[in-house]
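Since the structure comes first, as structure tokens, the remarks are kept for the end.
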Amino acid sequence: MNSLIVKSPGLLTTIQDLGRPGYGAIGVSPAGAADPVALRLANLLVGNEPGAAALEITLLGGTFVFPEGGTVAITGANLSPTLDGQPLEMWASNPLPPGAELTLGPTKNYARAYLAVAGAFQVKLFLGSASTHLLSGTGGFEGRALRKGDILRFSAPPHKIQKRRVSQSLLTSLKPRKVLRVTDGPQAGQFSPEAREAFAHQTFRVTEESDRLGLRLEAPPILSPESANIITEGVSLGAIQITPAGQAIILGVDQQTTGGYPKIANVIGIDLHRVGQLRPRIDIRFERTSFAVARALWIERERLLNSTEHLFT
Amino acid sequence: MRCCAASDQSVLLYLGEEISLATHERVLKLLRLLQKDPPAWLRNVQPAYCSLMITFDACRVDHAEVESTLRQFEQRAESFRQPKSRTVEIPVCYDAELAPDLEEVARAHNLKSKDVVRLHTSRPYHAYFLGFAPGFAYLGDLSDQIATPRLDVPRKKVPAGSVGIAGKQTAVYPFSTPGGWRLIGRTPLALFQAGRKPMELISIGDQVRFRSISRKEFSQLASV
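As structure tokens, then:
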């Protein structure tokens, strides 16, 4: 059995996979990686199942020691990873010698990096998933963020892992963007034309009050509809709700499963991983698109991610 | 029935436009039927007072197909016979030290604390749905005599087992989480336990009764 020892955990490092959809009726949030595309690619690079358990490292990295070595891949935000002091290639598989020390620094661009090991971390599953849900303290490693001294186990495969890199064309197509595409939310029609106009054209700044539950945005207030108090209903990932004070909130992976604020729009499927990469003080805008376009883009992306021959060089 | 796209991968299905037991009965029936016979594209169902949010696999189906399938389900659901609802009793200690907002709630309604307790324990509640956190059941309807709005500023941490009220709803916090409901007591029971069957103490559609217990009984039950 191989191990990873947490020498320093960084700001917020948790175990995540692709989450646990399907338990809405008992109040369980799907959770899962905030950038599921980066998590899938990190796993595929080291020969794991795409939805295996990996580390999600937020804004500021930590230091991890591998006494028995292993093979790792780091994807997502660039936290300037180094291996024993030397820069480590991101979006690629990297062999680690026994005793290797991996260090990640502060983010250069986006919010979250993913670290996968060949063989995948072994943690107890909760409702079929390894994802940590911090609000309820369930899943992942003891239901919490990693701390100094924690030891994670993984069983490295006996064979050598082939060196792989994510292809440049795929990296370009996944590039974070500051214009997120949205479709109309269920209450879009209740907002005034002026409010919808403002939503479509103004710039929003991601505030410090942003985490896996949601991103709170700062902008001139969007006027809520007269009948702003809707009856509490289920909410979808990437829904953009407007509070009575006119603040926009994009719901994230750890979202509460229900809510009573009107939703003006919803980020489309293929841009959801980009929501997970937004960090405070970044300015974004929204661009309206149709359900048909959103669906076609989603199908194309899924086809690409499921056909490994085009992913790597 | 009204069907409305919520995102490129989900729809909201409204079975009524008001909070009522009759509408909720239709929500429950459709939920049970979807759980019993889930279409291959179904990813998640989130029931609420009068709606279900349905998440689907967009690689398999589009909104139109989901809507037409759901309409067929809704028709079948009409003749679906529900099992009789369970009654769940929740022991609650309403002592001041476990009920930080009880006195204020009483004062706001010109009542004594013991009147609030009497009113809270005097009727059965219907579990409309679970949301917010695993096992958190929205229960209604609270007596108008003690209905109280949420706190202006939510607490950063509410102890697990806390019994809260907000508007005409009441609920128990399964985990220590942030929370804005007014806390009027605490139960020693675990509202959600992985590995238990079912994991949630209160399920959607249950009848719930609160029973007042002493501090001593609370400690005894808590140590079990």
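Here the protein sequences line up with chains A and R, keeping their order.
Be aware that the first sequence starts at 1, since it is given in the numbering used here, and climbs by one per residue.
Be aware that the second sequence starts at 1001, since it is given in the numbering used here, and climbs by one per residue.
Don't be surprised by glycine CBs; every beta carbon is placed ideally from N, CA and C.
Just so you know, these numbers come straight off a predicted model, no measurement behind them.
Inside the region 112 to 146 of chain A, DSSP marks whole beta strand (DSSP E) runs of 3 or more residues at positions 112 to 117, from first to last along the chain. Counting C-beta pairs closer than 8 Å gives three or more between the region 173 to 180 of chain A and the region 266 to 285 of chain A, which meets the contact rule. Annotated three-state conformation of A/E194 is helix, per DSSP. Against R/V1208, chain A offers no close residue; the least beta-carbon distance is about 15 Å (beta-carbon pairs closer than 9 Å). A distance below 8 Å between beta-carbons, with the five flanking residues on each side excluded, links A/F191 to the following residues of its chain, in chain order: F199, I222, L223, S224, P225, I242, P262, I264. Look at the region 1119 to 1141 of chain R: the residues with a C-beta under 8 Å from a C-beta of chain A are F1129, L1130, G1131, F1132, A1133, P1134, G1135, F1136, A1137, Y1138.
If you draw a 10 Å sphere on the C-beta of R/Q1220, you find fewer than 16 other C-beta atoms in it, and that means exposed. Pairing R/G1179 with R/R1155 gives a Cβ-Cβ distance under 9 Å.
By the criterion of at least three beta-carbon pairs nearer than 8 Å, the region 44 to 62 of chain A is in contact with the region 100 to 110 of chain A. Among the CB atoms of chain A, none fall inside 9 Å of the CB of R/H1109. The beta carbon of A/E226 sits no closer than 9 Å to any beta carbon of chain R. The contact set of R/F1073 on chain A, defined by CB atoms closer than 7 Å, is empty, because the minimum CB distance reaches about 15 Å. Where A/P36 is concerned, the enclosing alpha helix (DSSP H) starts and stops at 36 to 45. Residue state for A/D271 is assigned as helix, using DSSP reduced to three classes.
Rounded to the nearest angstrom, the Cβ distance from A/V6 to A/G149 is 6 Å, consistent with a contact under 8 Å.
Sequence-ordered contacts of the region 1058 to 1092 of chain R with chain A read A1058, C1059, D1062, H1063 [C-beta pairs closer than 7 Å].
Beta-bridge partners assigned by DSSP to A/F154: A/N2, A/F121.
About 15 Å separates the CB atoms of A/G119 and A/P67; that is not less than 8 Å, and the two are not in contact. The straight-line gap separating the alpha-carbon atoms of R/D1141 and A/T257 is approximately 21 Å. With the criterion set as a beta carbon lying under 9 Å from some beta carbon of chain R, the region 190 to 217 of chain A has no members that meet it.
In the three-state scheme derived from DSSP, where H, G and I count as helix and E and B as strand, R/H1109 is classed as coil. Looking only at A/F141, A/A111, A/G70, A/A130, the smallest Cα-Cα distance to A/R212 is reached by A/A111. Here A/V253 has A31, G32, A34, R212 as same chain residues with Cβ atoms under 6 Å from its own Cβ, once five neighbours each way along the sequence are excluded. DSSP, reduced to helix, strand and coil, places A/A54 within a strand of the structure shown. For A/N94, the pairing in a beta bridge is given by DSSP as A/V72.
Among the residues facing chain R, A/W91 is not included, as its CB has no counterpart in that chain under 9 Å away. Residues are counted here when their Cβ sits less than 8 Å from a Cβ of chain A; for the region 1145 to 1173 of chain R the count is zero. DSSP places A/R216 within a strand segment (E or B) once states are collapsed to three. For a Cβ distance threshold of 7 Å, residue set G24, G234, T257, T258 of chain A lies close to R/Q1046, ordered along the chain.
Under the 9 Å criterion on CB atoms, A/N266 is classed as interfacial with respect to chain R.
Rounded to the nearest whole angstrom, the CA to CA distance from R/C1093 to A/S29 is 29 Å.
Cβ neighbours of A/N2 within its own chain (closer than 6 Å, five residues either side excluded): E68, G70, F154, A156. Cβ contact annotation for R/S1214 (same chain, cutoff 6 Å, sequence separation greater than five): none. Scanning chain A for C-beta atoms nearer than 7 Å to the C-beta of R/Q1009 yields G269, reported in chain order. Counting every other CB atom within 10 Å of its CB across the protein chains shown gives A/V293 a total below 16, marking it as exposed. Listed in chain order, the non-local C-beta contacts of A/V235 below 8 Å within the same chain comprise Q241, L251, Q255, Q256, T257, T258, G259, K263, local neighbours out to five positions each way being set aside.
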